[in-house]
Every structure is written in C-alpha cells, then in structure tokens.
Amino acid sequence: PQPIYLKDYRPPAWLVEDVKLTFRLDPTATRVLSRIRFVPNPDAPGAFKLDGEKLKLISAAIDGVPVEPEITDTQLTCKTPDGPFTWEAEVEIDPQGNTTLEGLYMSNGMYCTQCEAEGFRKITYYPDRPDVMAPFSVRIESDLPVLLSNGNPGKRGDAFAEWIDPWPKPAYLFALVAGELVAHEDSFTTAGGKDVDLAIWVREADIGKCAFGMDALKRSMLWDEQVYGREYDLDVFNIVAVDDFNMGAMENKGLNIFNSAAVLASPETATDANFERIESIIAHEYFHNWTGNRITCRDWFQLCLKEGLTVFRDQQFSADERSAAVRRIDDVLALRARQFREDNGPLAHPVRPQSFVEINNFYTATVYEKGAELIRMLKRLVGDNAYYEALELYFARHDGQACTIEDWLAVFEDATGRDLSQFKRWYSQAGTPRVYVTEDWRDGSYTLQFHQETPPTPGQDEKRSLVIPVAVGLLAQNGSELRGTEVLELTSREQSFTFENLPERPVPSILREFSAPVILHRNSDKAERLFLLRHDTDSFNKWEAARGLMKDCLTGMALGENTADEDLLSALADVLRDDTLDPAFRALVLQQPSEDDIAQTLFEANTTPDPTRIHQVSEQFANAFAAHAEGSLASVFTAMKPEGVYAPDAQGAGRRALLNASLTLLSRRDGGERAAEQYDTADNMTLQLGSLSALLRVGSGISQLERFYDQWADDRLVLDKWFSMQVALATPGDAARIATDLAEHPKFDWKNPNRFRAVVGGLASNAAGFHHASGKGYDFVSDWLIRLDPVNPQTTARMSTVFETWRRYDADRQDLMRAALGRIQSSPGLSRDTGEMVARILE
Ligand code: B3K
Ligand code: ZN
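Each residue of the sequence shown is one higher than the one before, starting from 11 at the first, in the UniProt record's numbering.
Have a look at this one:
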C-alpha cells in the first residue's frame with residue numbers, strides 16, 4: 011500500500027451542501043439510502059469521486075436520472091453535471107458480518123457505529139474526508155425501541171425516528187445507535203439559558219452504573235463554560251455504552267459512543283482509578299464538541315489540532331476537579347511510560363506526522379499526550395491571559411471550519427505578536443529532546459548552563475534546536491526558597507542563565523511541574539536529591555527527586571553495583587509517615603518505577619537490560635522497604651482505614667491509594683494476613699481489588715480468586731479485571747502458561763477487545779513474563795495477534811506495539827521477538843493496519 015503525504019494535500023473538488031440518509035436496519039442486509047446535494051468547489055475544480063468500501067451498490071441516480079458509476083474496492087467515480095446536482099444512492103451493508111468494529115456493526119444485539127477516521131465509507135459512498143462538512147438529517151427505520159443519531163430529535167413514529175443535525179460536520183462524526191436500551195436521564199441549563207436533555211443509554215442491567223458518568227458530564231459542561239466560555243449547542247446530549255469497542259470513546263456530534271469500560275461505574279464494580287479515568291474521558295469527549303467538532307481538522311495529518319488540545323483541556327479539568335499536583339505526576343507517568351517509549355523506538359513520529367499508510371495507526375501517545383504537552387508549553391510561554399485571548403480568537407475565527415496547525419499557531423501569533431516559527435518545530439520534529447545542565451557558582455552569582463540535543467529518529471537524522479521552557483526555582487541550604495519559579499526559555503543548543511546577588515550557593519530545582527517533555531540530565535548527587543525530596547516546594551520535583559533516587563538505586567541493583575540504599579529507604583519512610591503530605595502524593599512517592607521504565611533507562615545508558623534480573627531487584631527493593639518501614643506501614647495502614655461511606659472523590663481515593671500501597675508492602679511481611687482480612691470486609695472494588703492483588707503478588711490468593719470469579723461471573727467489566735490481574739501479576743515463569751490457560755476459559759471472548767486486551771495485553775504488561783527467556787510470552791502474544799488480525803485489524807495493529815522495544819534486549823531475545831514479528835508479517839492476508847506497524851517496528 012502506498013503512503014499518503016501531508017505535502018500532497020489538495021482541497022476537495024466537490025463540496026456537500028446537505029445530506030439526507032435513511033437506514034432500513036437489518037442485521038445482515040441493512041439498506042442505506044443517501045440523498046446528497048453536491049456543489050463544485052470553485053477553488054479546486056476536479057473530477058467527482060466518492061469513497062466506499064464493502065458496499066453493495068443497489069442503485070444510483072443524479073438529479074433523478076439513474077446512472078451506472080464505476081466502482082473499485084475503495085472508490086466510486088461517475089460522470090456528473092458541471093454545476094450543482096443531487097446524488098441519490100442505495101447500498102446494502104452487513105452489520106453483523108462486520109467484526110472490525112468500524113462502520114456500522116453490531117454489539118450484543120445493538121446496532122452502533124464508529125466512523126473516525128475513515129469508517130463512514132463503509133456505510134455509504136461519500137467524500138469521506140474531514141474538510142467536507144455538511145448538515146445531516148437521518149431517518150432510521152427499525153422495530154427496535156431506541157433509535158438514535160446526531161443532532162436534535164425530529165419526527166418519531168411507529169418503527170422509525172428522524173434526527174436533524176443543524177451543525178455542519180465531517181462524516182467521521184456521524185453516529186447511529188439502535189437497540190433495546192434504557193436511559194439514565196438528567197438535564198443541564200447552559201449559561202445562555204438553553205435547557206439540554208442529557209441521557210446515558212445502557213442495557214437494563216447497567217442502569218445502576220450511570221450516575222457518576224452523568225455527574226462528570228454536568229461538571230464538564232459547566233467547566234467548559236466557566237473556563238473557556240464554551241456552551242453546548244444542541245437540545246440533547248446522548249451517551250451510549252457499548253461493550254465491543256476498539257478504543258475508549260468517540261465524540262460523535264451530540265451522540266458520544268463509549269466503550270462501556272469508559273463510562274459505567276459503581277462503587278462495588280469500579281476502582282478509584284476507573285472512576286478517575288471515566289471522569290476524564292467523559293470530559294474529553296464532551297470538550298471535543300468545540301475542539302474537534304465545531305472546529306475540526308482539515309486532514310488527518312492535523313489530528314493533534316483536536317486531540318492534543320482536547321487532552322490538554324481534559325487534563326486541566328481533572329486538575330481543577332481533583333488535586334492538580336497529583337494529576338500532573340500521573341500525567342507525566344503516563345507520558346513517560348507510553349510516549350517516551352514510543353519516541354525512543356522505531357515507531358517515533360512527529361506530533362504532526364508527514365505520511366501514513368493507515369491513519370488509525372497514528373492515534374498515538376505522541377499525537378495525544380505529546381500534543382497536549384505542546385499546548386501546555388505554549389500556554390506557559392505566552393502566559394495565561396494571552397492563552398485564553400488566543401483561544402477566544404481561535405473559536406471566533408474558525409468556528410465551522412476544518413483547520414490546520416498553521417491556523418492554530420496564527421491565532422497565537424496574532425493575539426500575542428510573538429513569532430512562533432521556532433516553536434513550530436515541535437510539531438514536525440520527532441524524538442524526545444535531552445537537556446543537559448551544568449552549573450557554576452562564583453561571587454554570589456549562580457549560572458546554569460544548558461545544552462539541548464534530540465537524538466535521530468527514523469527518517470529524521472538531523473535535529474534542530476527547539477524552544478524549551480524550563481521552569482526553575484532556587485532553594486537555600488536551609489530549604490527555604492531563594493528564588494521562586496521562573497521560566498527560562500531555551501532556544502539555542504547551548505545557553506546559560508545567571509542569577510545574580512545570591513546570599514549563598516543555591517540548590518536548583520529544575521524543570522518544575524515538568525515544564526517541557528524532555529529528558530533532563532544533571533549530575534546531581536544523592537545528597538541533592540534527598541534534599542529536594544525533603545524541601546522542594548514544587549511537588550512535581552519533590553516526587554521526581556524520589557523517582558530519580560529509586561531509578562538510580564534499581565538500575566545499580568540490576569547491574570550488581572549496589573543494594574537497596576538505606577538512606578533512600580529512610581527518606582521514603584519519612585514521606586510515608588509525613589501526614590502533612592496528601593496521602594495520594596505519598597502513595598505516588600512510594601510507587602516504584604516500572605520494570606519497563608528501568609529497562610528503558612538501562613538501555614539509554616548503553617547497557618542491555620535483563621528483564622528477569624530487573625524483576626528480581628524490583629522485588630528485592632520492595633522487600634527491603636517493607637522490612638525497613640514495617641512499623642510505619644502498619645500505622646499508616648491503620649490510619650488510612652476508610653471512614654464513612656465510599657465516595658470516588660480525590661480525597662477518599664488518595665487515602666485508599668495509600669492504604670492499598672501500605673497493604674501491598676505489608677503483605678510481604680505478614681504473608682497476606684491483613685490482605686485476606688481486607689478482602690473479606692471490602693465493600694467497594696478499590697479495596698477488594700487492592701487486597702486481591704496484594705495477595706497475588708505474594709503468591710497467594712487462590713481461594714479469593716475463585717470467590718471473586720463466582721461473585722462477578724456475570725459482570726463483564728469486573729471479569730476483565732479477573733482475567734487481567736492473574737496474568738499481569740503472575741511470576742515470570744508462570745505468566746505465559748496462565749495466559750494460555752485463561753485463553754481456553756469459556757468466558758474468554760477473544761473478539762471482544764476489552765477481554766482480548768485483558769489477557770493478551772495483560773501478559774505484555776508483565777514485563778518479566780512477556781520477555782521470559784523461553785520465548786513463550788512472545789509466542790503467545792504473536793499467535794493471538796495473528797488470529798485477531800483478520801477479524802479486527804485496528805486492535806491487532808495497536809497491540810503489536812508491545813514488540814516495539816525489541817532493540818533494547820540481548821541477541822537471543824531480539825531473535826525471538828523478530829521471529830515473532832516475522833510470523834505476524836508473513837501471515838496470509840495481513841491487514842494494512844498491522845502490516846504497516848510491523849514493518850515500521852522491524853525497520
Ligand atoms: N477521536 C476518538 C478516537 C478515534 C480513533 C479512531 N481509530 C476518541 C478521542 O480521541 O476522543
Ligand atoms: Zn479525543
């Protein structure tokens with residue numbers, strides 16, 4: 011397949027004025043009738059072409075006269091008048107036979123759609139590109155009780171429903187749902203006084219799991235009014251929960267469709283982490299209404315225009331609703347685990363890629379999370395006021411348009427007068443920049459010397475200097491602040507900043523709040539890090555100090571150079587006991603760097619990581635800390651015992667995080683006695699799962715696992731946890747076997763992406779198990795990817811990234827991983843999606 015290039019973009023030759031669709035639903039033979047008003051684009055005359063895939067054309071007509079178009083596997087062409095005309099077509103599609111979960115498909119007896127990025131072409135012939143925007147009206151004919159589409163409800167009759175969406179939209183935002191569903195309803199009055207009917211549609215058994223999502227939706231609507239001045243623009247807002255879904259959720263205009271795991275929650279069935287994720291996804295999809303839907307992308311290369319911005323907005327929302335400091339640490343943890351890993355391997359690509367084979371492969375951590383970091387940096391560089399002025403201008407200037415990154419940066423240049431041409435390199439240059447810092451102290455002046463460098467990435471050998479905002483604070487030896495946070499702007503390769511007239515030599519706190527997505531290199535000794543852990547007023551850097559210490563200690567242990575460091579263990583115990591600190595923060599400090607993180611760190615230091623050894627030393631470190639701090643752990647565990655009824659708020663969640671963290675460590679001492687007790691008394695999933703995983707980690711929990719299964723056998727989402735935790739927490743030698751056994755379980759429905767991810771993804775998340783020297787982990791995962799690919803290419807392609815780190819490892823493991831990738835690559839009829847990924851990984 012040929013790649014598509016950003017530089018080849020051409021505007022559409024034909025524009026759409028209006029779309030009318032009729033659906034006659036049938037599981038295997040749905041008829042879709044379209045009536046589309048086309049007008050020539052005066053700026054870009056050209057031939058008439060429509061996209062279409064897997065469609066059976068029944069009839070077509072232009073201005074009422076039947077025509078016989080030419081059809082290939084992907085396109086339709088036809089002779090047309092030179093001026094405006096009305097296109098009518100009838101096609102037949104097979105929703106039940108559509109296992110790709112893209113286009114119109116069926117999930118547990120209900121009809122639903124997923125069109126982004128290019129799924130609408132599996133529904134009818136259409137110019138399926140985001141720069142063609144049009145108002146849609148839809149008629150659904152079916153006996154099913156609930157019939158939904160985008161926009162406002164129109165006529166409703168016996169076995170049909172009509173929907174009118176007045177806002178011009180690209181086809182990727184089209185949605186349709188039909189099924190036996192019930193609604194959890196509520197309403198919201200906008201600042202402008204418009205009453206909006208809200209509903210979350212679910213199967214009857216799930217009606218008790220909607221309240222939290224609804225509350226999150228209303229808070230999101232209010233927040234977007236208060237912070238960005240954005241009001242909702244339709245009479246209804248519908249959310250539907252679907253069991254079979256390739257990702258988290260989709261922002262279809264007025265009809266968001268969610269993976270049920272990303273919306274359904276009750277205290278008994280969902281953990282605090284689930285609640286938090288649901289809140290942020292609901293917010294994210296809702297915020298797309300302005301950043302994505304009202305203003306959309308000109309082409310798919312501009313994906314970060316809507317995704318980076320919307321992730322940034324949902325991060326701001328979560329920071330406001332919960333603890334900003336804790337959220338920032340969580341966001342950086344996720345960025346490093348996913349985006350840094352991607353940016354430092356064969357799949358590295360710019361936030362705005364220049365080419366792709368399959369666009370679905372570019373819904374990545376780089377486009378989303380690094381894209382959000384770029385907005386965060388921009389805001390820091392121009393300041394808050396200018397940021398919100400620029401956003402006002404963006405909404406005013408581009409409402410109803412399909413835009414580019416150039417449009418986005420122009421509003422900032424126009425609002426602030428600042429030249430952003432160097433900043434723009436962040437969008438086209440892949441790779442994680444390294445920032446090296448050294449210092450100089452003389453006669454009361456303190457100088458920080460910076461050097462920036464971005465390593466080569468596939469297809470990009472030469473890197474240019476970036477604009478990097480580095481937030482810096484200076485501390486006095488007694489721990490007080492000598493200088494509050496200032497933002498230093500790095501623009502060249504080498505650059506120094508001097509602070510004059512200081513009464514004493516300061517201790518620097520660099521890259522506060524993680525002000526740029528870079529890897530900071532500074533030869534700071536243990537004493538300085540211990541000092542920052544104790545005194546830094548920036549909570550991100552306080553946490554970062556502990557992280558750096560633990561990473562150094564663990565990598566040293568992996569190389570056989572040292573053992574668990576007593577000073578570090580004491581410092582961690584001090585944080586554990588410090589009840590002036592937020593419990594959620596304390597839990598984050600105690601969390602050890604992941605085994606994957608340690609492997610990446612060793613690899614960057616030019617040593618070959620040994621996953622088995624890394625696992626052993628991670629265990630040793632946890633055991634050493636549990637022994638060192640046993641008494642404190644026991645008192646904190648008691649102090650964090652739940653008070654009152656469960657509420658999924660930040661405070662309660664923070665206490666439970668620290669409770670479970672203490673329990674997990676204590677189980678290494680008491681053989682799981684406390685955990686077994688907590689398991690028996692837990693009245694919410696956070697405590698139940700926390701105790702069960704503590705038991706599994708110490709090689710116990712067999713009977714609890716059985717009881718867990720019996721209790722939750724009928725709850726899909728909880729059962730996913732049962733599947734994944736056994737694999738994810740298995741010992742390295744057992745993991746592949748347990749995964750293999752579970753894949754034989756009658757409830758292992760491998761066509762369901764959540765269940766597939768639970769087991770196959772669960773194994774890949776068990777670093778030492780996946781990378782076991784026998785190669786059984788690689789075989790298990792690759793066998794399943796080969797099996798899933800013909801059924802669901804998108805989920806297969808996404809999961810193939812578990813192999814992206816093959817270059818890190820020793821020759822034997824490299825051979826095994828490459829062999830696994832080779833088997834995938836040579837499986838007959840491999841999808842374009844997976845084919846592109848595997849080729850890039852192996853390149
Ligand atoms: N825009 C969708 C993602 C679509 C993925 C297509 N493969 C969800 C989101 O980012 O909000
Ligand atoms: Zn999004």
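Every residue gets a Cβ at the ideal spot worked out from N, C-alpha and C, and that includes glycine.
None of these values were measured; they are calculated from a predicted model.
From the listed residues Pro79, Glu112, Asp175 and Val187, the smallest Cα separation to arginine 34 is found for Val187.
Not a single heavy atom of ligand 1 lies less than 7 Å from the C-beta of glutamine 835. The Cβ-Cβ distance between serine 159 and alanine 185 falls below 8 Å. Put simply, the backbone Cα of leucine 391 is about 7 Å away from that of proline 479. With fewer than 16 neighbouring CB atoms inside 10 Å of its own CB, arginine 452 falls in the exposed class. The C-beta distance from glutamate 814 to valine 367 rounds to 17 Å, too long to meet the 8 Å contact threshold. Taking a cut-off of 8 Å for Cβ pairs, the stretch 29-49 and the stretch 105-118 touch, as three or more such pairs fall below it. Going by C-alpha positions, aspartate 168 is about 51 Å away from glycine 664.
Rounded to the nearest whole angstrom, the CA to CA distance from proline 756 to alanine 746 is 18 Å. Not a single heavy atom of ligand 2 lies less than 7 Å from the C-beta of threonine 306. Judged by their CB atoms, alanine 127 and isoleucine 369 are nearer to each other than the 8 Å cut-off. The set of residues whose C-beta lies within less than 5 Å of a heavy atom of ligand 2 reads, in chain order, Glu317 and Thr320. Spatial neighbours of alanine 667 in its own chain (CB-CB distance under 6 Å, excluding positions within 5 residues in sequence) are listed in chain order as Ala594 and Ala597.
Taking 8 Å as the cut-off, the beta carbon of glutamine 325 is found closer than this to the beta carbon of alanine 382.
One alpha carbon belongs to alanine 637, the other to phenylalanine 647, and they sit about 15 Å apart.
Across the set Lys17, Ala783 and Ala272, the C-alpha of Ala272 shows the shortest separation from the C-alpha of arginine 287.
Inclusion of lysine 561 and isoleucine 608 in the CB contact set at 8 Å is warranted, their separation being smaller than that value.
Sequence-distant Cβ neighbours of valine 801 in its own chain, meaning closer than 7 Å and more than five residues away, are Thr109 and Lys761.
With a cutoff of 8 Å on beta-carbon distance, leucine 543 and alanine 555 are scored as near each other. CA-to-CA, the gap between glutamate 683 and serine 677 works out to about 7 Å. Cα atoms of proline 763 and arginine 539: separation of roughly 43 Å, rounded to the nearest angstrom.
Residue side-chain check: glutamate 846 keeps its Cβ at 7 Å or more from all non-hydrogen atoms of ligand 1. Relative to ligand 1, the beta carbon of histidine 298 is positioned inside 7 Å of a heavy atom. For the options Ala251, Val252, Val250 and Arg229, the alpha carbon positioned closest to that of glutamate 241 is the one of Arg229. The shortest CA-to-CA distance from alanine 738 to any of His298, Gly772, Asp822 and Tyr719 is the one to Gly772.
Per DSSP, the beta-bridge partners of tryptophan 24 are Pro50.
Inclusion of alanine 181 and aspartate 28 in the CB contact set at 8 Å is not warranted, their separation being larger than that value. For methionine 847, the uninterrupted alpha helix (DSSP H) segment begins and ends at 842-852.
Every alpha helix (DSSP H) stretch that sits fully inside the stretch 312-388 and reaches 4 residues is listed by chain position as 313-331 and 334-344. The alpha carbon of asparagine 616 has as its nearest neighbour, out of Pro443, Glu514, Thr565 and Gly427, the alpha carbon of Thr565. Three or more Cβ pairs closer than 8 Å define a contact, and the stretch 46-58 meets that threshold against the stretch 91-99. Excluding its 5 nearest sequence neighbours in each direction, glutamate 289 has C-beta neighbours in its own chain below 6 Å: Ala226, listed in chain order.
Taking the C-beta atoms as reference points, aspartate 175 is found nearer than 8 Å to lysine 263. Considering only Asp789, Met695, Cys413 and Ser490, the residue with the shortest C-alpha distance to tyrosine 656 is Met695. Relative to the Cα of leucine 458, the nearest Cα in the group Trp418, Glu614 and Thr508 belongs to Thr508. Cβ-Cβ distances below 7 Å link tryptophan 722 to Val728, Leu729 and Trp732 in the same chain, with the five nearest sequence neighbours on each side left out; the list follows chain order.
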